[in-house]
Structures are given as C-alpha cells and as structure tokens.
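Inspection log for the structure reproduced underneath, given as structure tokens.
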Amino acid sequence: KAGVTQTPRYLIKTRGQQVTLSCSPISGHRSVSWYQQTPGQGLQFLFEYFSETQRNKGNFPGRFSGRQFSNSRSEMNVSTLELGDSALYLCASSPDGSNYGYTFGSGTRLTVV
Amino acid sequence: AQTVTQSQPEMSVQEAETVTLSCTYDTSENNYYLFWYKQPPSRQMILVIRQEAYKQQNATENRFSVNFQKAAKSFSLKISDSQLGDTAMYFCALGEYGNKLVFGAGTILRVKS
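Laid out in structure tokens, this is it:
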C-alpha cells in the first residue's frame, strides 16, 4: 500500500513568487491535513480537507490556501512568498480525520530566497 | 486553547537501556487523543503510539509504552531496550475532535552504542 506522497521534495523560490505543493493521500483516505514545520515555531496546523471541503483552518494569513480534488489529492498554495515561509510542509492523511492517527508524508522543503 | 509541552529538548540513552520522554498537555475537552510521533532524519513523521483519553489502560506497542495520567494531564513515553534506530526527534501531540493535531516542541533522542 503506497504511503502519503508529497511533491516536490525540495523547492527554492524567490520572495514575492507563489508556490503550489501537492499531496497524494493513501488510497481510500478522504481527510488530508497540512502542517508547517519550522525551527522557531515547531509544527503548526494549516488546514484540513475532507471530501473536497475545508473543515478546519489554522491561524495563518490568507496567502496560504488549499484545495482538495475528487480523488482526495490535495494542493496547498502560498502566494506572495516571504522569507519566513521557508519551512518543511508536511501533509497527513487519514480515513476520515477522526484522530485515529494520521499518516504523514516526507514533506516538501521550501526555501524562500 | 490546547497546549502541549515537552520539557526535555534533548536526551541520550545507551543501547538496550530504557528511556522515558515527558509530555504534559492542557485541554478543556474530556474526549481527546494523544499521540507520540517519531521524526527521523528522513523527515517523515511516524506514528509510534496512540492513546484515547477515555481509556484508562495505558497503550503499548512492542517496546513502546505510555504512562497516561489524565488528571495530571501527563503523557510520557517509555522506550525499552533502546535501539540505534530509535534515534530521532519525538513529538507528543494532542488531537481533539476537529481534525487537527497540536504538537509539542519535540525531544531529540540519541541512542548511543
């Protein structure tokens, strides 16, 4: 059974640009969550999608957005990148988001220069 | 607001010995879940063990067990017979209904041969 797949693994962008990260959940999982991991702030919840609907959102500015497709694949977008957006972005999936235990991907390392 | 505190930034243990990682949390909910995740240098977060708050019995997974003290809001992880492959960052996480996890700052565990 394939795990959670995140692409790309690494990304370097310039301030002001926008970026899109992709996450393919485990087959059959309908809930996808996104987390930002930085040395200073640790792991912070961005948002969670279930059946193409955003069910929960963390405390991030509107520059951070996401969506989920009918096949449960999810993308997150960050517009007008800032240096502080440099982080490891982790995606996690679960069958229904009921806190049974999320399975995480290996993340996308975003560097903003 | 939910908070998770891991007071040990780093710990070391000799191979084959036992080590305990500490975690305290705060929540106003009565029903919630607690998790320990492991993040090796590969970056992928791996679920180690899960505890449901309404279960009094402490969870156990092979060499990993927890000491869950609900009244004290404490959730420690014991690793028995430590192995070199246990070297990683360990995160304690709180999950309430609402599909998001709140993580502690993490504890770096180094297993020495």
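Protein sequences appear in the order of chains W and H.
Residue numbers for the first sequence follow our numbering, so the first one is 1193 and each next one is one higher.
Residue numbers for the second sequence follow our numbering, so the first one is 10 and each next one is one higher.
Each residue gets a CB set at the ideal place from its N, CA and C atoms; glycine is no exception.
Bear in mind the structure is a predicted one, so any value in this text is a computation, not a measurement.
Asked	Found
Alpha carbon to alpha carbon, what distance is there between S37(H) and M20(H)?	30 Å
By the 9 Å beta-carbon criterion, what residues does the segment 99-116 of chain H contribute toward chain W?	F100, A102, G104, E105, Y106, G107, N108, K109, L110, V111, F112, G113, A114, G115
Find out if the Cβ-Cβ distance for the pair A102(H), L93(H) is shorter than 8 Å.	no
DSSP on D1288(W), reduced to helix/strand/coil?	coil
I want to see whether chain W comes within less than 8 Å of M54(H), judged by CB atoms only; does it?	yes
Please check if any C-beta of chain A sits within less than 8 Å of the C-beta of F1296(W).	Absent here is chain A; the protein component of the structure consists of chains W and H.
Mind pulling the beta strand (DSSP E) runs of 3 or more residues that sit fully within the segment 1248-1298 of chain W?	1256-1260, 1266-1270, 1279-1286
Any beta-carbon of chain H closer than 8 Å to the one on G1234(W)?	yes
If Q1229(W) sits next to A1279(W), beta carbons under 8 Å apart, how far is it from one beta carbon to the other, in whole angstroms?	6 Å
Considering only their Cβ atoms, is the gap separating L1238(W) from T54(H) smaller than 8 Å?	This sequence places Met at residue 54(H); Thr is not what is there. Not in contact: M54(H) and L1238(W) (Cβ atoms no closer than 8 Å).
So D90(H) is in the beta strand (DSSP E); what residue range does that whole segment cover?	Where D90(H) is concerned, there is no enclosing beta strand (DSSP E), given that its DSSP letter is neither H nor E.
Taking the Cβ atom as the reference point for each residue, do T29(H) and L86(H) lie within a distance shorter than 8 Å?	yes
In terms of residue numbering, what span does the beta strand (DSSP E) encompassing G1234(W) cover?	1234-1242
What does S140(H) touch in chain W if you count any residue whose Cβ is under 8 Å from its own?	Since the displayed chain H opens at 10 and closes at 122, residue 140(H) lies outside it and no answer follows.
Under DSSP, the beta strand (DSSP E) around G61(H) begins and ends at which residues?	Looking at the sequence shown, residue 61(H) is not Gly but Glu. Per DSSP, E61(H) belongs to the beta strand (DSSP E) from 55-61.
Does the distance from the CB of F100(H) to the CB of Q48(H) come in under 8 Å?	yes
Checking 8 Å against the spacing of the C-beta atoms, do R1222(W) and S1266(W) come in under that value?	no
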